[in-house]
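Below you'll find the structure, written out as structure tokens, and then a few comments.
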Amino acid sequence: MTTLATDSPSGAATPPDDAVPAIEARDVHVRLGASPVLRGVDLTVRRGEVVALLGANGSGKSTLVRTLVGVLPASAGSVRLFGHALGNDVPWGRVGYVPQRVSAVAGVPSTAAEVVASGLLHGRRLRLPRGWRTRVREALDLVGLADRARYATHQLSGGQQQRVLIARALVRRPELLVLDEPVAGVDRPSQEAFAATMTRLVAEGMTVLVVLHELGELAPLVQRCVVLRHGRVVHDGAPLRPQPGHGGEAHDHVHPHAHPRTLQRPADVRLADGPFERPDDTEDEVAP
Amino acid sequence: MIGLWEMVTDPFMQRALVAALLVGLSAPVVGTYLVQKRLALLGDGIGHVALTGVALGWLVGAAMGLVPDDVLAVPGAVVAAVAGSVLIEVVRRRGRTSGDLALAILFYGGIAGGVLLIGLAGGSSGSLMAYLFGSISSVTLADVWVTVALCGLILLIGLGLRAALFSVSHDEEFAVSSGLPVWVLNMAVAVLAALTVTVAMRVVGLLLVSALMIVPVAIGQLVTRSFRRTMLVASGVGVTVCVTGLSITYWHNVSPGALIVVLAIAVYAVVAVAHPLFARRRPSDPHPDIPDDVAVSPAGAGGAANPQEECTP
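Protein sequences appear in the order of chains A and B. When we follow the working numbering, the leftmost residue of the first sequence carries the number 91, and every step to the right adds one. When we follow the working numbering, the leftmost residue of the second sequence carries the number 114, and every step to the right adds one.
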């Protein structure tokens, strides 16, 4: 069993640095094309916290995390990671990002080990460090895929591909892990493996911001829930109980991407208020 | 073989072989990144732009009264190709969806500009033939040194920064989120492609230059599971078809560029047909370690996976 030691042990080295939040977003506005997606979002994630980001499809969850890691530019507001404004000053080696899995595999086959190794590069580090093979093996071991290192990613199942992406974020031994729907459309064994991995990482002091449809297996770990609706934060506090009929084992959300019907639904229509029975695939899990 | 010694001692052939070997080695290295980025046609776009560069160099050379008047053709091609590749990268960065359209416009603009300018320079479009289809038999010693230098640069960057270029080509969003200088790395790939086009121009010609970058990669990815091996196999195939094709033209009077590309495609066809026959047999269950979670009737067994799997195409 491998343990995940962070490059700079928290607490010992620089006490002032520890007081700085891992993520500090102030009044973030993001536009995609002409439409505003985020409208003044404030979000702070302190060290060692596990924060779940919830909300309906189209509420801006993915947009927010992609903005936080610098993939999307904010049209207004500021984002600081470990106290540094987004850009070259951010200690990128301390941040691990797990994007939503894309089902399309790139043109040239690449092995799980090759994909994970690319996680070792960050900031100005453009070449693999010494001993990268060991670190790649450790990261794959952490997500339970040590025996799949030499498989091409397209030979792996959806859940395994997702775990490869998690290993790619973990290989650099980050202190902050940002995950975008890590268990959407993932089979039960992979979900359980993921929850076990996360439990261990959180116990070792990992700070986590995770976009979720439902708390699911991660419920025991989550300390705080932030709920987005129409690009605004409508709840920031204790974990919420799901709407009746939306929790529990029987209610499963397995679709990896937005359901076509929910995509077409106008953003301001509240299905729950209508005369119709709420369809089983509505995404509004949490009460305001 | 009769004549083989004769061939390798022929100074014309020696220079041509060195050029072909280097181009065959380095073009697939750049091609692997282009295929990974789904920009397989980028080389074609750059090749067309380079034609305008050739004509422009010719025009400038003629205006300055240089002898021969095409002495600036290759420098012109290098400048135009690099400028074109940078332009494509800028357009791709600005609006993601229009990259395809920008490429198409470069195709047409490149050819039309080339034909137009060569007319102004007092040449005929026939003057461009050597550049369109290659002229490896006329490689001079200076050309060989230029090829050595440029191929060295391509291999140095293409192999030295392999991990970073892989990261950017494989998942640009993740590379951005890692704080990598994605803009610089993308530009590096584009400029490498431009340099490859101008180097390979002598061997196979601008119209076929992209084939030398892409077809060996297509062969490589048929037989391997990893990026590194795809690149390795592609370079091996590139060297083999370039040297073999060129050698055949020593005895048979056919266009070396066309022959090299036809050879590469023939190898692709043979491998595509033969590889499944020799591939290692795998167990039919792709996930033998995952327990069956749904009971299925024997009639449906083997066909449908568990229902969750069906939801994740």
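No residue lacks a Cβ here, since even glycine has one placed at the ideal position from N, Cα and C.
Measuring alpha carbon to alpha carbon, tell me which of the options ends up nearest residue i.
i: residue 174 of chain A; options: A:187, A:159, A:205, A:215; result: A:159
i: residue 225 of chain A; options: A:213, A:243, A:204; result: A:204
i: residue 232 of chain A; options: A:288, A:251, A:216, A:140; result: A:288
i: residue 259 of chain B; options: B:120, B:218, B:132; result: B:132
i: residue 260 of chain A; options: A:297, A:241, A:317, A:128; result: A:297
i: residue 164 of chain B; options: B:179, B:325, B:315; result: B:315
i: residue 126 of chain A; options: A:141, A:116, A:164; result: A:164
i: residue 169 of chain B; options: B:234, B:144, B:218; result: B:234
i: residue 294 of chain A; options: A:121, A:177, A:139; result: A:139
i: residue 257 of chain A; options: A:241, A:245, A:236, A:154; result: A:236
i: residue 318 of chain B; options: B:245, B:357, B:332; result: B:245
i: residue 270 of chain B; options: A:267, A:217, A:275, A:190; result: A:217
i: residue 277 of chain B; options: A:300, A:207, A:251, A:242; result: A:207
i: residue 314 of chain A; options: A:303, A:329, A:302, A:269; result: A:329
i: residue 242 of chain A; options: A:198, A:152, A:310, A:146; result: A:198
i: residue 113 of chain A; options: A:145, A:144, A:181; result: A:181
i: residue 252 of chain A; options: A:240, A:264, A:269, A:318; result: A:269
i: residue 227 of chain B; options: B:345, B:217, B:296, B:186; result: B:186
i: residue 128 of chain B; options: B:250, B:362, B:241; result: B:250
i: residue 186 of chain A; options: B:179, B:236, B:201, B:287; result: B:287
i: residue 214 of chain A; options: B:296, B:261, B:239, B:304; result: B:296
To which residues does DSSP link residue i through a beta bridge?
i: residue 166 of chain B; result: BP columns for residue 166 of chain B are empty, so no partner.
i: residue 125 of chain A; result: A:122
i: residue 283 of chain B; result: Answer is none; residue 283 of chain B lacks a bridge partner.
i: residue 319 of chain A; result: A:322
i: residue 201 of chain A; result: A:242
What residue range does the alpha helix (DSSP H) around residue i cover?
i: residue 270 of chain A; result: That residue, residue 270 of chain A, is in no alpha helix (DSSP H); its beta strand (DSSP E) goes 266 to 270.
i: residue 221 of chain A; result: No alpha helix (DSSP H) contains residue 221 of chain A, which DSSP labels as neither H nor E.
i: residue 381 of chain B; result: 369 to 391
i: residue 379 of chain A; result: Nothing about residue 379 of chain A can be read from this structure; chain A reaches only from 91 to 378.
i: residue 69 of chain B; result: It is not possible to answer for residue 69 of chain B, since the shown part of chain B is limited to 114 through 426.
i: residue 296 of chain B; result: 295 to 317
i: residue 256 of chain A; result: 248 to 260
i: residue 151 of chain A; result: 151 to 158
i: residue 280 of chain A; result: 278 to 293
i: residue 161 of chain A; result: Unbroken run through residue 161 of chain A: none, as it is neither H nor E.
From what residue to what residue does the beta strand (DSSP E) around residue i run?
i: residue 171 of chain A; result: 166 to 171
i: residue 325 of chain A; result: 322 to 327
i: residue 140 of chain A; result: 140 to 145
With DSSP as the reference, label residue i as helix, strand or coil.
i: residue 110 of chain A; result: coil
i: residue 244 of chain B; result: helix
i: residue 134 of chain B; result: helix
i: residue 65 of chain A; result: No statement about residue 65 of chain A is possible, as the shown extent of chain A runs from 91 to 378 and does not include it.
i: residue 184 of chain B; result: coil
i: residue 298 of chain A; result: strand
i: residue 212 of chain A; result: strand
i: residue 362 of chain B; result: helix
i: residue 134 of chain A; result: strand
i: residue 426 of chain B; result: Model confidence at residue 426 of chain B stands at a pLDDT of 41, short of 50, so the residue's coordinates are unreliable; what they give is reported in the following sentence. Three-state DSSP puts residue 426 of chain B in coil, outside helix and strand.
i: residue 356 of chain A; result: Note on residue 356 of chain A: pLDDT 41, under 50, position unreliable in the model; the coordinate value appears next. Note: residue 356 of chain A maps to coil in three-state DSSP.
i: residue 337 of chain B; result: coil
i: residue 175 of chain A; result: strand
i: residue 117 of chain A; result: strand
i: residue 177 of chain B; result: coil
i: residue 123 of chain B; result: coil
i: residue 291 of chain B; result: coil
i: residue 325 of chain B; result: helix
i: residue 233 of chain A; result: coil
i: residue 375 of chain A; result: With a pLDDT of only 41 at residue 375 of chain A, under the threshold of 50, the placement of this residue in the model should not be trusted; the figure read from the coordinates follows. Note: residue 375 of chain A maps to coil in three-state DSSP.
i: residue 304 of chain A; result: coil
i: residue 237 of chain B; result: coil
i: residue 142 of chain B; result: helix
i: residue 180 of chain A; result: coil
i: residue 200 of chain B; result: helix
i: residue 154 of chain B; result: coil
For residue i and residue j, which I take to be in contact (beta-carbon distance under 8 Å), what is that distance rounded to the nearest angstrom?
i: residue 138 of chain B; j: residue 348 of chain B; result: 5 Å
i: residue 302 of chain B; j: residue 146 of chain B; result: 5 Å
i: residue 254 of chain B; j: residue 158 of chain B; result: Their Cβ separation, rounded to whole angstroms, is 31 Å, which puts residue 254 of chain B and residue 158 of chain B out of contact at 8 Å.
i: residue 282 of chain B; j: residue 293 of chain B; result: Actually they are not in contact, since the Cβ atoms of residue 282 of chain B and residue 293 of chain B sit about 12 Å apart, beyond 8 Å.
i: residue 308 of chain B; j: residue 263 of chain B; result: 5 Å
i: residue 167 of chain A; j: residue 119 of chain A; result: 6 Å
i: residue 311 of chain B; j: residue 330 of chain B; result: Not a contact, Cβ separation roughly 20 Å.
Taking 7 Å as the cut-off, does the CB of residue i come closer than this to any heavy atom belonging to the ligand NAD?
i: residue 248 of chain A; result: Annotation note on the ligand NAD: not contained in the displayed structure, which lists no ligands.
Indicate whether at least one CB of chain E lies closer than 8 Å to the CB of residue i.
i: residue 292 of chain B; result: Absence of chain E from the displayed structure is noted, the protein chains being A and B.
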